[in-house]
Each structure stands twice: as C-alpha cells, then as structure tokens.
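Report on the structure given below.
Protein chains: 6
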Amino acid sequence: MLIQIINPNTSKEITQKLATLAEHTKSKQTKVIVRSPQHGPRSIECFVDEQIASASLLDLVIQGESENVDAHIVACFSDPALYAAREVSSAPVIGIAEASFKFASTISAKFGIVTMLTRAIPMIQGLLFKYGYEKYCTNVRSAEIPVLDLNNISNQDYQSLYQECGKSISQDGAEAIVLGCAGMSELAQELSQQLGVPVIDGVSAAIKHAESLVQLGLSTSKSGQFSTPLSKEFIGRYNHLSSS
Amino acid sequence: MLIQIINPNTSKEITQKLATLAEHTKSKQTKVIVRSPQHGPRSIECFVDEQIASASLLDLVIQGESENVDAHIVACFSDPALYAAREVSSAPVIGIAEASFKFASTISAKFGIVTMLTRAIPMIQGLLFKYGYEKYCTNVRSAEIPVLDLNNISNQDYQSLYQECGKSISQDGAEAIVLGCAGMSELAQELSQQLGVPVIDGVSAAIKHAESLVQLGLSTSKSGQFSTPLSKEFIGRYNHLSSS
Amino acid sequence: MLIQIINPNTSKEITQKLATLAEHTKSKQTKVIVRSPQHGPRSIECFVDEQIASASLLDLVIQGESENVDAHIVACFSDPALYAAREVSSAPVIGIAEASFKFASTISAKFGIVTMLTRAIPMIQGLLFKYGYEKYCTNVRSAEIPVLDLNNISNQDYQSLYQECGKSISQDGAEAIVLGCAGMSELAQELSQQLGVPVIDGVSAAIKHAESLVQLGLSTSKSGQFSTPLSKEFIGRYNHLSSS
Amino acid sequence: MLIQIINPNTSKEITQKLATLAEHTKSKQTKVIVRSPQHGPRSIECFVDEQIASASLLDLVIQGESENVDAHIVACFSDPALYAAREVSSAPVIGIAEASFKFASTISAKFGIVTMLTRAIPMIQGLLFKYGYEKYCTNVRSAEIPVLDLNNISNQDYQSLYQECGKSISQDGAEAIVLGCAGMSELAQELSQQLGVPVIDGVSAAIKHAESLVQLGLSTSKSGQFSTPLSKEFIGRYNHLSSS
Amino acid sequence: MLIQIINPNTSKEITQKLATLAEHTKSKQTKVIVRSPQHGPRSIECFVDEQIASASLLDLVIQGESENVDAHIVACFSDPALYAAREVSSAPVIGIAEASFKFASTISAKFGIVTMLTRAIPMIQGLLFKYGYEKYCTNVRSAEIPVLDLNNISNQDYQSLYQECGKSISQDGAEAIVLGCAGMSELAQELSQQLGVPVIDGVSAAIKHAESLVQLGLSTSKSGQFSTPLSKEFIGRYNHLSSS
Amino acid sequence: MLIQIINPNTSKEITQKLATLAEHTKSKQTKVIVRSPQHGPRSIECFVDEQIASASLLDLVIQGESENVDAHIVACFSDPALYAAREVSSAPVIGIAEASFKFASTISAKFGIVTMLTRAIPMIQGLLFKYGYEKYCTNVRSAEIPVLDLNNISNQDYQSLYQECGKSISQDGAEAIVLGCAGMSELAQELSQQLGVPVIDGVSAAIKHAESLVQLGLSTSKSGQFSTPLSKEFIGRYNHLSSS
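Shown next, in the form of structure tokens:
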C-alpha cells in the first residue's frame, strides 16, 4: 500500500518532520511518500495562505494519482481543498482535522482542540460545524505559537501548549485533546502522558484511517459531488490543468 | 492485538456469521473473539429488544476487560449501551453505526442508509442526530426483511435490498450506501460491484477503526463521562454487578 | 384512575418518599401505585446504572398493563427506557424530565436545572436536545450530593442545593428552577419560597400530566414507533419476555 | 379554580363553541369564563389579523387579572401575544399550540398537524421552531376550509379534514394528529375514532395543562422576561394602558 | 423615490431625531417621510409595548401605500409587525434589526450587539435565530439606559454605551458593533472612531437597503405568505381595517 | 465611488456581459471596473475550478486595493475566496450569493434558487448553511445548462430556465427566485415579468449593496478574522505574494 502525505505548505522542515512521524506510525506493509508543493506559502495561518495552498496541492494529488497511490492525506488542520482533491482522485483523500475528530469522538464524549494561533480558531470552528462535530467540542484554544516555530519547538512553547491543554481539561471539561496543527504531531505522546487523557494527532489518525479504507477496498465515490471534473481550458499558470 | 466483537442479540447464527466476516476482514496480527450474551432477545428490532440487549451485553464488556482485550465492538446498528460500555471499559468501545458513518463520510459527500425494517428507521435517525451526521445522510430506507431472515438470505431478499440501495442512489442522491444492520455485512462487496458505488459495512469499519486506535495507543478517556462507575449495590439478577 | 409510579432504582426509601409525595400531589379521584423493580442498582448515577434500570423497569410496565393501570410514570430524571416502555404499554408513559421541561417552559422563558452530581449533567443535556428544549435551558448545575443522601437530606446538603439554585438565577439568568432528580421532589415548595421563583418537581408535573392525558382519553399511539413489539424468543434471565 | 379562555377573534359563534367544549372538558371543580375581545377581526387567518388580535386580547388578560382568575388560555393556534400576556399576568398563560405540542409528544414520537388554510402553515412552522418541536412534527397540512365555516361545519368540510389527517398518517408517517385551529376542537373525538390514532385538540389540552399548573401552585415567573412592564404613557386608543 | 420611515413608538423627540438622521443619510434623489403612530406607547421596552406598537404601525403602512411610497422602514430594533406590514404593502418593508445584521455580516465575521436594556436581550436573540444570524453574533449586551433617555443622551450614558461596546470587542471577540436601538443611531460614527471597528446603525442600513431595492425594481412578493389579506370584518377600534 | 467587479473565471465574454449589466445597474456617480484573472479556468463548475479561481482572483483584489477601489465584488455564485479577499482588502468585499440571499429575504419569506448544473447544487447548499439562510430557501434547482452556453443563450436554454423557476414557485412554494449563476444576470427582468414574482440577480444586488456600504462609510473590519495577513515567504508561482 502506498500513501501520499501532502504537506500543503512549502516548509521543508515540516515536510521532513511529517516523514519521520509517518515512518513511525504507519504499518509495516505501508509505504509513504511525503511531499510539499512547489508553489505557495511557507506556513498556513490565514485564509489567504489556505487558498493559495489549496490551489497548489491539487498538483500533488494529480501527480499521486498518476503514480497510483492508494490514498492521499492532506496534512494541514484546515483541511484545505479536500473536496476538490476528491474530484481529481480515485483513491480516498483524508483531511487531518476530519480524521482527528473521528478518532477523538470514539474515545471521549467531549474533546478540546488546542491550536497554534488565535487566528486559526474560526477556521477550525467552521470545520467542526461543516463536519457535524460542534457538539463534541468543548472549546478551541490557542497556545499562541507561530507555526514555523514548530520546526524547532522551545521548552517555553511546549509549556504554553501544555498549559492550554490543561485549561481545556480543567476549565472547559475536555476529556481528550485534539492537536490543531500538523506541526505539533510529534508531541502527542508526551502530552498525553503528562495530561493523563488521550491526545489525538490528526496526521497519525489520518494514516490509520487511510490504511483502513484501503484494506477494506473503499475509495472515493465517483458518483455525485466527487465525480471527475469535465475537461475545460485553464489559462496562464494553470494551463497544465486544461487536460484534467 | 485482541478484539472482542459482541453480537448483542442471542442468535448463534449471526454470531457465527460475524466470526466468519471478522476472520476475513481483520489484519493478520489481530485476534478476534466473537460472542453473544447469555441473556436476551434473538434479534433487535425495537426499543424493548434494544434495552434488554443493552443490559445483557455489559456482562460481556466486563468479561472482555478481565481478559485484557484491546478493544470491544458492539455489532448492532442501534449502537446499544455504547456509553455504558465505555464506563466499564479501559479499552476503546466502538459501535458499528458510528464507525460506518465515519468511514462513509470520508469517501462520499452524501450517503444513504438501507436497513431491514421500517421500525428501525427512527432509531437510526436518532443516531445520525446524536453523532452529528444528519447532514451527510440523504435518507434511511428499509428493505422490509425480518432480521433473522439474514441467517440465510434468499434471492428475493437480496433483490429487495438491492432495489432499495438503487433507489437511494437514483432517487435520493446517495453517493455511497451504508448497510444498516450487522446481519447484512457479508453482502457489502457484491452490492458495491452491482451498484457502482462504495457500500460500507459497519462491522468491517469498526474492526479497522479498532485496530487503528489500538495501534495508536488511543483508548477510552477515563476522565469525565466515561469514568469508572462508583461501586454500589445491585440486587436480584444484577447482583453480580455490585462489585463493579 | 389508577397511575403506576415506577421508581427505577431499588432504593425502598426513595420509593417510600415518592409514595408520600404522590399522595399529596394527586387529585382525590386518582389512585397511585408506587413500585421499584426487583432487580437493579440502588441509585442511578451513570450510564451503566441507567441501562440496568431500563431493562428492569420494563417488567413493571408490563405488570402495570396487566393490572390495567391508566398511566405509567418513570420517576428518574434520566427518563430511562421511555420509548421501550411505550412499546409495551397501551396507557401513556411519562418521564419526569420530559414533564418538568413541559411545565417549566409554560411559566418561564428560561429555566435552570439543578441536579445531584456533575456526572449526570451530560445525560440531562442529551435529554434537552432530544426533546428540543435546549434553547429554554440556561444551564445544568450540580449540587454534588450523592443520590442516596436524599433519603435523609442534611441541612448542609439543602444549603448546597439552595446555593446552586441561587447561582442559576443570578448568574445564568434562570427564571425558574427544575429539580434534576426524583429524590429532591419534596423540597420544591420550600425552595420556591426561599428563591422567589417557581421550582418545578418532575414527579409532581408527571402526575398532573398523566391525569390530564387520562381525563382527555389520550393514550400512547400504537401506530408507528410505539407499536407493540413482535413476539420473539428471549433467553436466560429475560425468558419471561418471550411471549410479550 | 377559575380559568379564563380567551377567543382572540371577535366571532361570537366560535366563543360559544369554545364555551360548550370547555364545559365538557374541564374538571368539576373548575369554573371557566370564555370571552372574546371587543375589538378586532372576525377570524385570524394572516399576520395582520394576528397582530390586531394580539393587541386586543391583552385587555382581556388585564381584566382577568383584576378578577383574580387562576389561569388564562389564549385559544388561537397561532398563540398570539403569549409573551406579552405573561408580562401582564401573575397567573399562568397558556397557548393552545404550545399545549397541543406538549400533549402530542408524550403519546407519539411523530405527530402531524392539520390546519384550515395553507396561509397559516408558515405561522405554525414558526411556532414549531420557536418551541423546539420541529423534529417531532412530520408535516403541517391544510384542509382548505375558511375559519368561519367552522361555525357550522358541513359534511364536505369534515371529509376534507378527515382526508388530510389520513394523508398525514399514511404518507407523512404521523402517529398522532394535532388539530391546528381552535374552531376544530369539537371534532377531535370523532376523528380519532375514525383514524385509529390519537387526535389532540389544543383547547382541551390547554385547559388540562392550566388545571395542572394551578393545582401545583405553579405560576408565571415574574423574574426575567415576563416581569411586569414598567409604567409608561400610552396615547390614543391605548390610553387605558398607561397605568399598567 | 419616496421612503416612509415609521417610528413605532409615540415619542415625537425620537421621530424628530430619526428625521434628522434620515436627511443626512439618504441619497439626494430620495425623499423621506418620518412618522409615528397616533396610538400606542411612548417607548418600546417589553413585549406588551411591542404588541401595541405593532397594531398601531399598520395604520401608517396602509396610509403610506395609499400615498404610493416606494418603501417602508420600521425603525425599532424589535422589527415589530414586519410580516403583517408586508401583507398590506406592495412596496418593500424593511426592519432595522434585519438590515443591520445584513450589513454587519458583510464587513465582519462576528459582530456584537449593544442595546439599551437587559430586558430587550431575549427579543433580539429571538430575531437572530429567526433570521439565521445567531452564528454571526458574539453576544448581546446592554448598556442599561432607559430608551427615552436617548432623547437627550448624557455623557454618562454615552460612557456606559462606549464601555459595553469595548467589552463586546475585547471580551467577546466582536469585530464590528451593531447598535441595538433606533434611538442610538446618531452615535454610530463617533463610536466607530473611538472603538476602531465598524459600528452599524440599523436605520441608516435600512435606508440604504430600501434605496437599493427600489433602484433594482424589487418589491415585496405578493405570492405566498405576504399576499394581500382577505377582506373581513374588524369591529370596535379596528373597524377602519374592515375594508382592507 | 469606484467598484471593482471580479469575474473569477477567465471567460472574456462573461466579463463583457457583466460590464454591460453593471453599467445599467450602477448609480450615476459610481464607476466600475470589470476584470477577470489572467490565470485559471474558463468556467467554474466544480470544486477544482473554484479552488483555482480562488487563488487567481486574490491578485485582482490586491491590484484593486493598490488602485484604491472603494469596494470589490466577487461575481461567481460560489462566492470563491470571500474570506481571503477580505484579509487583503480594506474596502468591503461582497459575494453575489451572499448579496442575493440578503435581498431576496427582505421581499419574500421563502425563495427558490435556480442554477445551471446539478453539480453546483451542493456548493450552494453549503453557502445557505454557512450564511444562515437554509430556512429561507425552498429548494435549489438546476436548469442543466453548461455555464459557457450563457455567453449566447438559446431560446431552448431560456425555456429550461423558465420552467425550473416555474416549478420552484408552484411545486416548492418559492415566493421569489434567486438566479444561481452570474452568467444569468441579464435575464432577471424578463423572467420576473413572465413569472409574476421577484427575480433576484446577485450581481445587481451586490453592486447596490456595495454602493450602500460605501455611502455609509462602512468597510471590512480589520480587527479579528479579516485582519491583514502577516508577511511571509511564498515560493514558485506565488512569489509575488511574499511581500503582502
């Protein structure tokens, strides 16, 4: 089984971190390719970043399809371009926010989300509503750490994160914590041990969810909303999409 | 890894069918125990059946815990006693309705559900609302087959089921089908081939979801709603629960 | 008119308290039988307790039907087994949470609920959503009193309860208080006088609602979800249900 | 106990019909006054009618308060001026739509509503949402009978009504029928016998609900939204309200 | 273009203030008539006031129609009688709460509302739900100023208002402020400059929205809920409506 | 006043049609610039098209800002990149779907939407939920016309459109029609005359809404979600965004 993990930002350090995490998380039989787009922002922290990354990552989905990957994972907690990616993919496409909500809600009745920046909170709240998980979530909190700091997380940043998780449990009533950024993934285990509740990393959840779907032979329905786009002309820097 | 699959009704034939399905679906490294309670109804078709089965299946969860199983699956599409089971379990407890919604919504934007009896429809609609999946579901349809007929499904029953699935796609706009009864599980693959859309069997989905959680070291949060019940006296036929 | 009041736990003291309350509340022409099951937990404080009590109380509903009672009241604030009870009953079956919401919303635009234990709060929130009363409720608070303490309430417990009611009014904006436990019923009047707002006891509300339905000749619809269960085999300790 | 039933339109025939119905429905110990305003429309069939009737009926609530009535019933299915009436009343004020939803939902999982005119349907749908009963209602249907025809209902009108009720059951899945107009009240029993499901008349339900509240000593909370209006000047035809 | 602005209370001072504001806000080509009813309360602060004002303002809508006004504005933040006014109008009828929500949500993702009295908060929350804007609003706050004080606002009142707006931004996360009372309209600009976020006055928004609709030739649909009322008899002080 | 209208697809014919429409709709004092991006798809008919157009149109918003336009309109009924555009804009940014819902809901209680392709329906339903207008919309229908056919609409296409509008009114109960595609804008008037109900074209509504906001001095709040993005590096084809 071959899974493509797409880091939708263009930070090589985060791509590298995802590769390390994936090697550790995946089943033996699974192979992973971890890639980031050739175009776009170094980090995704606002709606502009997300829109540009969305357009860029579609190239990687198309490339992965031509390489017959068995599943695609979009490894940014805003789940960028998820529906568009499913249109150009016959394999399943999994967002890490969606996957983490699905895992967290099986093992807790109420989970809290801790993300990097206050600015990302409304984006995440929008996903909770879109996916129907708003009743499961106690609150979305921010540790106020710039995303690129995650390339080399300081002790101070870790403490900020740990403290917001703690408030989520003691003040908001969270029974589990969802980490609201792909860059935090490697911290899940340590945080869980310190906090005494499950901590869900969306990248790991997405890898396992991808393996599950592939093992069951389940793939993106091409009937309805995710059916293949009609051919049409794209001009300028998107000319290469004209034949898709 | 050891997974306990609980058939909450007392029909040995369905328990046997689930065992066969599980052997086929599980990963090599996984072992499964498939059990049904010693007490309760032969099938679950109404609220009374569900309440009795709920009380009965808790004994199996407690037994599984004492045997250190790594996960429990409750294999009835009404997800009976799910929250109570999580109270007495340190391992994850997975309902097949919940699992099937989580898998179906990754590969389709709208799914339909086809169950056995009209009477089960409101129960399933209740679960869609409880879990937040009501916007994903086009409709819940019934093929009008008594649950126990599934022990030995006739060609006529298969045709009824096939036709309701077809209507779900063509009339309701379903892009994938969720089978709304554990007893239908073995038919998923054949139906999918005939219908041309993914067909999700909740038992298989639950097995894969259980394997995923165990592989990630994620288990029921014991902080909050699913914390262990306080000891108290139970009398009469539930005396054995007094020390739990 | 004969009304059966079912105390779903097996605490004789609470059953006795309910009998005293019922005698005081009922109309002259009404007779009441107050019973608790022969099997099950001494108190209902978590999902396990509720599931066991649900299975046990159905025996009493069936017994009451054979005695031609005119209505059944399920006197626990989690409204256990309400839908199943309606399946085996031709008489109306009334839950005390449902009844208290219906009465409170006629005399206030926003009511608060005060219950015994924090653990019970999510169960009650679930009922508010299920019944459509979530917009009416300001908050669910807990006085942190073990249910069985209610058999003989101390002054300290009363003060805790009184203070949570007060916070519900002054901090949350509640215009009336619903008592979230059958065991508190006898305190409603005293609390109302001290607090200066209406205090609704669900048991009293349910008795009056039962009398109303019977006087109007309205009873459980046997068309649809509450129609009589099909006969089937139950084994083991539920063998006696086989002929129902 | 003295209950005031307010017919908010100015049709004496309907007032008379309500008086007859009330005599038949009320408990022996209850006395009823049935009144209609001195000002306003002969029937309530649109938003203009409802607004005018709302302003008019408040005079009767104030009059009833001065006569120390124990409860007020507003006997029009649009529940006009319910919140304003509660401001000027220390006794409970009950709307017949609200009451009928509360009674119907105790004895059925899904009820249908049949009203007189298509034009009234959105008003009723608004009430279902406002009170939180939208999930309980299968559909609102209209029999297309002008309200004043109810003064002397023809066989043809009865047949129209009966047929819409039948469609509500067979096509929409209603398990009980709520009559969506005070003028239909006397037909409930006959319709129920013919249809084989419970038929709820809101006027009768409101009378019983009023008796229940009064017997329990529960009355409109004067803390919060329904507190007494501040004194202020009203000019012109509402000058008499200046001292309220 | 001729727009009628209806002040639904009978305070001449507020009517005068609205006239001044309208002259300043309207386009050159627009003419405005500002009127208040001959009957009703001096201010609208509770449900009784609103019901009486609703009945009174309909006379002005009818008068405006006979004068061929191009649009009507109902200038009270409870949007009284909006649906009834549309029934008797062929021109558009615009409520200031509705208009302010529509403008605020175009320029902010979350807005706060600051009104005069705590008592008005539930009325406004009801409108947010009715119009579908509850997700856009962070909170409704009150500055605790009696409506008629607005005739001649003191520095202290302005400071109270300013401080609640500030809390809405810093504590609730509001990105823009909606002024929840027609009497505050003239303060919008000054508040916006001091607060550094957009401040929306519903009267101005409604005037612009009215001009827009008229310029596009869009007017109240007379098909469906807002179709002209059937003729019927009104008695007493509403006799003049009999021919409408 | 200078308004930029962005046609997010790259079809020059549609850009030209929008220019003609805008000249006809705008106020005398308003100047408009109508532009389409240099990059991207010829039409927007699926999620891929929308994501690419979203990334492309941001360049035009940034360009317009540098030219000090007073407002931006995004003239595609999927409201692409609306939130991102607001981040890079100090002027208001208006989507045509959002604008059309705001205008339609002032003049009708229920509106229907008719769009070009079945495939666009879920996108529009998503917007209805996001903006809170789902209760106002009776149904979204499709006339099954490829978007680019609108460059030169045939009589047959017009008839298809007309018939779907008619069904929306007679079968779904729509009281007004919203045209669900910018390319249909010029047909609004003719359709309205034939159908006898208001027909809302989102482009015209957006132009008027833009003029209104500018006249009132209201602009995008730069506090909160729409605040200016932090500077960061963009690589590859988005390098030009690095300094934004």
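Protein chains in written order, with our numbering: chain A, 1 to 244; chain B, 1001 to 1244; chain C, 2001 to 2244; chain D, 3001 to 3244; chain E, 4001 to 4244; chain F, 5001 to 5244.
Yeah, the Cβ is synthetic: ideal placement off N, Cα and C, and Gly gets one too.
All values derive from a computational prediction rather than experimental measurement.
Next item on the list: Inspect the beta-carbon positions of D:Ile3124 and D:Gly3166 and report whether they are closer than 7 Å.
Entry: Translated into the one-based positions of the fourth sequence, residue 3124 of chain D becomes position 124. Translated into the one-based positions of the fourth sequence, residue 3166 of chain D becomes position 166. Not in contact: D:Ile3124 and D:Gly3166 (Cβ atoms no closer than 7 Å).
Notebook entry, point to check: Quick one, which of F:Lys5135, F:Pro5122 and F:Thr5115 has its alpha-carbon nearest F:Lys5162's?
Noted result: On the sixth sequence, position 162 is the one that residue 5162 of chain F refers to. Checking the sequence, you will find Tyr at residue 5162 of chain F rather than Lys. When each option's Cα is compared against that of F:Tyr5162, the closest is F:Thr5115.
Check: If you drop the 5 nearest sequence neighbours on each side, which residues of the same chain put their C-beta closer than 6 Å to that of F:Thr5138?
Finding: Within the sixth sequence, numbered from 1, the residue matching residue 5138 of chain F stands at position 138. Same-chain partners within the cutoff: Lys5110, Gly5112, Asp5172, Gly5173 and Ala5174.
Item checked: Coarse secondary structure for B:Phe1047, derived from DSSP in three states -> Position 47 of the second sequence, counted from the start, is the residue given in the question as residue 1047 of chain B. DSSP places B:Phe1047 in helix when its eight states are reduced to three.
Notebook entry, point to check: For D:Leu3230, which residues in chain C fall below 8 Å Cβ to Cβ?
Noted result: Taking the fourth sequence and counting its residues from 1, the one referred to as residue 3230 of chain D is at position 230. Near D:Leu3230 there are no residues of chain C at all, since even the closest Cβ is about 18 Å away, more than 8 Å.
Notebook entry, point to check: Is the number of C-beta pairs between the stretch 2187 to 2207 of chain C and the stretch 2056 to 2068 of chain C that are closer than 8 Å three or more?
Noted result: no
Notebook entry, point to check: So which of A:Ile107, A:Ala97, A:Gln156 and A:Val61 has the shortest CA-CA distance to A:Glu121?
Noted result: To locate residue 121 of chain A, count along the first sequence from 1; it is residue 121. The residue asked about is misnamed: residue 121 of chain A is Ile in this sequence, not Glu. Minimum Cα distance to A:Ile121 is reached at A:Ala97.
Check: Assuming F:Ser5078 contacts F:Ile5033 under a Cβ cut-off of 8 Å, what Cβ separation, rounded to an integer in Å, is found between them?
Finding: Along the sixth sequence, read from residue 1 onward, the residue named residue 5078 of chain F stands at position 78. Along the sixth sequence, read from residue 1 onward, the residue named residue 5033 of chain F stands at position 33. With a Cβ gap of about 22 Å, F:Ser5078 and F:Ile5033 do not count as contacting.
Next item on the list: Report the option in F:Asp5070, F:Thr5220 and F:Phe5047 whose CA atom is closest to the CA atom of E:Ser4192.
Entry: Looking up residue 4192 of chain E in the fifth sequence gives position 192. Comparing Cα positions, the closest option is F:Thr5220.
Next item on the list: Kindly list, in the order they appear in chain B, the residues whose Cβ is closer than 9 Å to that of A:His209.
Entry: As a working note, residue 209 of chain A is residue 209 in the first sequence. Near A:His209 (Cβ distances below 9 Å), the residues of chain B are Lys1102, Phe1103, Thr1106, Lys1208, His1209 and Ser1212.
Item checked: D:Ser3011 burial status per 10 Å Cβ neighbour count (16 or more: buried) -> Position 11 of the fourth sequence holds residue 3011 of chain D. Buried is the call here.
Next item on the list: Would you mind listing the alpha helix (DSSP H) stretches within the stretch 3161 to 3243 of chain D that are 4+ residues and don't spill past its ends, in chain order?
Entry: Qualifying alpha helix (DSSP H) stretches, in chain order: 3188 to 3195 and 3202 to 3215.
Notebook entry, point to check: Using a Cβ-Cβ cut-off of 7 Å (strictly less than) and excluding sequence neighbours within five positions of F:Ala5019, which residues of its own chain qualify?
Noted result: The residue you call residue 5019 of chain F lines up with position 19 of the sixth sequence. Within the same chain, F:Ala5019 has close Cβ partners Val5034.
Note to self: At the level of alpha carbons, what is the spacing between B:Met1001 and B:Ile1094?
What the structure shows: Residue numbering aside, residue 1001 of chain B sits at position 1 when the second sequence is read from its first letter. Residue numbering aside, residue 1094 of chain B sits at position 94 when the second sequence is read from its first letter. Answer to the nearest angstrom: the Cα atoms are 15 Å apart.
Check: What is the DSSP secondary structure of A:Lys31, counted as helix, strand or coil?
Finding: Translated into the one-based positions of the first sequence, residue 31 of chain A becomes position 31. DSSP places A:Lys31 in strand when its eight states are reduced to three.
Notebook entry, point to check: chain F partners of A:His39, CB-CB under 7 Å?
Noted result: Here residue 39 of chain A refers to the residue found at position 39 when the first sequence is read from its first residue. Correct list: Ile5235, Gly5236, Arg5237 and Tyr5238.
Note to self: With a threshold of 6 Å on Cβ separation, who are the neighbours of B:Ser1244 within its own chain once the five nearest residues in sequence on each side are excluded?
What the structure shows: Position 244 of the second sequence, counted from the start, is the residue given in the question as residue 1244 of chain B. With a pLDDT of only 49 at B:Ser1244, under 50, the local geometry of the prediction cannot be trusted, and the value read off the model is given with reservation. Cβ neighbours of B:Ser1244 beyond the five flanking positions: none.
Notebook entry, point to check: Is F:Val5048 close to chain A, meaning its C-beta is less than 7 Å from at least one C-beta of that chain?
Noted result: Position 48 of the sixth sequence, counting from 1, holds the residue named residue 5048 of chain F. Cβ-Cβ to chain A under 7 Å: yes for F:Val5048.
Item checked: One or two residues paired with A:Pro41 in a DSSP bridge -> Taking the first sequence and counting its residues from 1, the one referred to as residue 41 of chain A is at position 41. According to DSSP, which records beta bridges pairwise, A:Pro41 is partnered with F:Phe5234.
Item checked: Residue-level contact to chain C via CB, B:Pro1092, 7 Å cutoff -> To locate residue 1092 of chain B, count along the second sequence from 1; it is residue 92. Not one chain C Cβ lies under 7 Å of B:Pro1092.
Notebook entry, point to check: In chain E, which residues lie with their C-beta within 9 Å of the C-beta of F:Phe4976?
Noted result: The structure shown has nothing for residue 4976 of chain F, since chain F only spans 5001 to 5244.
Next item on the list: Grab the span of the alpha helix (DSSP H) containing A:Arg86 for me, first residue to last.
Entry: As a working mapping, residue 86 of chain A is identified with position 86 in the first sequence. Taken as a continuous stretch (DSSP letters only), the alpha helix (DSSP H) holding A:Arg86 covers Leu82 to Glu87.
Check: My guess is that E:Leu4021 and E:Val4203 are in contact by the Cβ rule of under 8 Å, so how many angstroms apart are they, rounded?
Finding: Within the fifth sequence, numbered from 1, the residue matching residue 4021 of chain E stands at position 21. Within the fifth sequence, numbered from 1, the residue matching residue 4203 of chain E stands at position 203. The pair is a contact, with the Cβ atoms about 6 Å apart (cut-off 8 Å).
Item checked: With 16 other Cβ atoms within 10 Å as the buried cut-off, status of C:Glu2164 -> What you label residue 2164 of chain C is simply residue 164 of the third sequence in a count that begins at 1. Answer is buried; the Cβ neighbour count reaches 16.
Notebook entry, point to check: Three-state secondary structure (DSSP) at D:Asn3152?
Noted result: Translated into positions along the fourth sequence, residue 3152 of chain D becomes position 152. D:Asn3152: helix per DSSP, three-state reduction.
Notebook entry, point to check: Closer than 7 Å, CB to CB, is E:Leu4216 near chain F or not?
Noted result: The sequence position of residue 4216 of chain E within the fifth sequence is 216, counting from 1. Cβ-Cβ to chain F under 7 Å: yes for E:Leu4216.
Margin query: Give me the DSSP bridge partner(s) of E:His4072.
Written below: Counting from 1 along the fifth sequence, the entry for residue 4072 of chain E is found at position 72. Beta-bridge partners assigned by DSSP to E:His4072: E:Gln4004 and E:Val4093.
Checklist line | D:Tyr3083 and C:Gly2132 closer than 7 Å at C-beta | finding: Position 83 of the fourth sequence, counting from 1, holds the residue named residue 3083 of chain D. Position 132 of the third sequence, counting from 1, holds the residue named residue 2132 of chain C. No, the Cβ-Cβ distance between D:Tyr3083 and C:Gly2132 is not below 7 Å.
Notebook entry, point to check: Going along the chain, which residues of the stretch 1043 to 1070 of chain B sit with their C-beta nearer than 8 Å to a C-beta in chain C?
Noted result: Ser1043, Glu1045, Cys1046, Phe1047, Val1048, Asp1049, Glu1050, Gln1051, Ile1052, Ser1054, Ala1055, Ser1056 and Leu1058
Checklist line | Reduced DSSP secondary structure (H/G/I, E/B, other) of F:Gln5016 | finding: Counting from one through the sixth sequence, the residue named residue 5016 of chain F turns up at place 16. Of the three classes helix, strand and coil, the one that applies to F:Gln5016 here is helix, per DSSP.
Notebook entry, point to check: Can you find a CB in chain B that lies within less than 7 Å of the CB of C:Glu1969?
Noted result: It is not possible to answer for residue 1969 of chain C, since the shown part of chain C is limited to 2001 through 2244.
Notebook entry, point to check: How many Å lie between A:Glu211 and C:Glu2050 at the Cα?
Noted result: Position 211 of the first sequence, counted from the first residue, corresponds to residue 211 of chain A. Position 50 of the third sequence, counted from the first residue, corresponds to residue 2050 of chain C. Whole-angstrom Cα-Cα distance: 37 Å.
Checklist line | Chain-ordered chain E contacts of F:Ser5221 [CB-CB under 7 Å] | finding: As a working note, residue 5221 of chain F is residue 221 in the sixth sequence. The contacting residues are Ile4107, Ser4108, Glu4175, Ala4176, Val4197 and Pro4198.
Notebook entry, point to check: In three-state DSSP terms, what is A:Gly112?
Noted result: Taking the first sequence and counting its residues from 1, the one referred to as residue 112 of chain A is at position 112. Strand at A:Gly112.
Next item on the list: Name, please, each residue of chain D whose Cβ falls closer than 7 Å to the Cβ of E:Pro4122.
Entry: For this step, residue 4122 of chain E is matched to residue 122 along the fifth sequence. Result: Gln3225.
Next item on the list: Using beta-carbon positions only, say whether D:Ala3099 and D:Ala3182 come within less than 7 Å of one another.
Entry: In the fourth sequence, residue 3099 of chain D corresponds to position 99, counting from 1. In the fourth sequence, residue 3182 of chain D corresponds to position 182, counting from 1. Judged by beta-carbon spacing, D:Ala3182 lies beyond the 7 Å limit of D:Ala3099, meaning their Cβ atoms are not closer than that value.
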